[in-house]
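Participant:
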Amino acid sequence: MKRTHRLIAPALALCLALGAGAATEARELKLSTPTPEPHIMTKSARHMAKAFAAVGADDTIEVFPANKLGDVPTVLSLLQSGAIEFAIIPVGDLANRDPSFLAWFLPYQFATLEEAGQAAKSTPAQEMLARLDAQGIKGLGYVFPGQRHLLSTRPITSVAEMSGLKVRAFPNDIFNAWWRELGAAPTALPLPEIMPSLVTGVIDAVDVDIDIVMGLQMQKQAPHLVLTNHMAFPAAILASGRWWNGLSPEKQAQVSKIVSETQDWAIATQTTGETAILAKLAADGTDITTLDDPVLAEAGEKVRDAFLDRDPLIRRFYEANQN
């Protein structure tokens, strides 16, 4: 009997040691973005990965840019199943799942990127992210590519010239309502199809942030940029709910801190970076103008009034962030 105990004790100790090692085994976490390398969404993902390494986290982050893991619906399904741990997803896509996210796109709500960044910290903005819990997704924060503008194949000097303009617009209700209010024809196209569609004339213009213009070199086919600043266009930093719920409170706090720092870094980086991007576009021959047409403000008010009460959180967000 004593001999049996002497054999069991070391074996039990070894099993416990192996169990402890397995519990702390480092993992490679996957982070998907829909944008190419130069875009701020992908830059933010890289920043998160570096931040994980800098704090000595057990796990590392591998970034998969440009929808390498699948399109946005596929990536959201991967998050829900726990097959990947992180994704940065345009809020426009999330608005198709929860209408409260439409609040971000009320026209002319923010004059600057800094104002939009402050709004990301408001209680209603955080409540939008919290609603994703019910879908098995943990909303952690926001990043901002910048305000939306109009890039076109021909000069646009008035709203009247937008009549019948075929504009690639983000595929949700508020973007469609905005462009129809201006007399344009909003057209839904996946990101990879924009450039060939400009060449073939399927579209005449694109509703864009300037980061993606530079990232895809859109100015080569559409050399006229009107700085309309008509909407903000945030993306959300998301985590798999299954993965998140398996973390200790200490690890959750560590991840939350990294995301918060990434959010602030991205806003600061993009604020200073937009000036440099505009200079590069101008040097490349892009015609950059502004449009002082009162019809823009009138259209913005109509669209805002049409969407303000789609969800109670939309009005709360709007009222909380009025300066």
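So the sequence shown is residues -22 to -1, 1 to 301, counted in mature numbering (1 follows the signal peptide of the UniProt record, and there is no 0). Glycine residues also receive a C-beta, built at the ideal position from the N, C-alpha and C atoms.
1) Where does TYR296 fall in DSSP's three states?
2) Please specify which runs of the alpha helix (DSSP H), each continuous and at least 4 residues long, are wholly inside the segment 118 to 165, giving them in chain order.
3) Between which residues of its own chain and ARG146 is the CB-CB distance below 6 Å, once the five residues before and five after are set aside?
4) Quick one: Cα of ASP283 to Cα of ALA73, how far?
5) Verify whether the separation of the beta carbon atoms of PRO149 and PHE211 is less than 7 Å.
6) Which term fits SER226, buried or exposed, when burial requires 16 or more other beta carbons within 10 angstroms of its beta carbon?
7) So the candidates are GLY34, THR268, GLY251; which of them puts its Cα closest to the Cα of LEU91?
8) Check whether the Cβ atoms of VAL237 and GLY119 lie closer than 7 Å to each other.
9) With respect to the alpha helix (DSSP H) encompassing LYS258, which residues constitute its N-terminal and C-terminal limits?
10) Tell me the DSSP bridge mates of VAL204?
11) Grab me the residues of VAL177's own chain with a C-beta within less than 7 Å of its C-beta, minus the 5 sequence neighbours each way, in chain order.
12) Where does ALA1 land, buried or exposed, given buried means 16+ other C-beta within 10 angstroms?
13) Three-state secondary structure (DSSP) at THR90?
14) So what does LEU9 bridge to, in DSSP terms?
15) Touching or not, the segment 100 to 117 and the segment 217 to 225, by the rule of three or more beta carbon pairs under 8 Å?
16) CA-CA distance, ALA213 and ALA155?
17) For LEU7, which residues of its own chain have a beta-carbon under 6 Å away from its beta-carbon, when the five flanking residues on both sides are left out?
18) On the three-state DSSP scale, how would you describe VAL50?
19) Answer yes or no: do THR240 and HIS25 have a C-beta to C-beta separation smaller than 7 Å?
20) Mind checking whether ILE134 and VAL69 have CB atoms under 7 Å apart?
21) Which same chain residues, not among the five before or five after PHE153, have their C-beta less than 6 Å away from its C-beta?
22) Could you have a look at SER100 and say whether DSSP puts it in helix, strand or coil?
23) From ARG5 to ALA61, what distance separates their C-alpha atoms?
24) Confirm, please, whether the CB-CB distance from ALA163 to MET140 is below 7 Å.
25) Using a Cβ-Cβ cutoff of less than 7 Å, which residues in the same chain neighbour GLY193 once the five nearest sequence positions on both sides are dropped?
26) Give the range of the alpha helix (DSSP H) segment to which LEU80 is assigned.
27) From this set, THR11, ASN301, ASP151, which residue's C-alpha is nearest LEU57's C-alpha?
28) Spatial neighbours of ASP71 within its chain, please: C-beta separation below 7 Å, excluding the five flanking residues on both sides.
29) Where do the ends of the beta strand (DSSP E) carrying residue 311 lie?
30) For ILE181, report the span of its beta strand (DSSP E) as first-last.
Facilitator: A quick look at the data gives this:
1) helix
2) Runs of the alpha helix (DSSP H) inside the segment 118 to 165: 151 to 159.
3) THR165, LEU167, ILE172, ILE181, VAL184
4) 17 Å
5) no
6) Under a 10 Å Cβ-count criterion, SER226 is classified as exposed, with fewer than 16 other Cβ atoms of the shown protein chains found around its own Cβ.
7) GLY251
8) Result yes, Cβ atoms of VAL237 and GLY119 sit closer than 7 Å.
9) 227 to 261
10) LEU128, THR267
11) In its chain, beyond the 5 residues on either side, GLN199 have a beta carbon closer than 7 Å to the beta carbon of VAL177.
12) Summary for ALA1: the model assigns pLDDT 46, below 50, so the residue's position carries little reliability, and this model does not support an answer.
13) coil
14) VAL41, PHE64
15) Short answer: they touch.
16) 21 Å
17) Excluding sequence neighbours, LEU7 sits near ASP37, ILE39, GLU63.
18) helix
19) THR240 is a Cβ neighbour of HIS25, given a cutoff of 7 Å.
20) No, the Cβ-Cβ distance between ILE134 and VAL69 is not below 7 Å.
21) ALA147
22) coil
23) Cα to Cα, the separation comes out at about 13 Å.
24) Annotated as distal: MET140 and ALA163, with beta-carbon spacing of 7 Å or more.
25) THR13, PRO14, PRO16, HIS17
26) Careful: LEU80 lies outside any alpha helix (DSSP H) and carries neither H nor E.
27) THR11
28) VAL50
29) The first residue shown for the chain is -22 and the last is 301, placing residue 311 beyond what the model contains.
30) Per DSSP, ILE181 belongs to no beta strand (DSSP E) and is neither H nor E.
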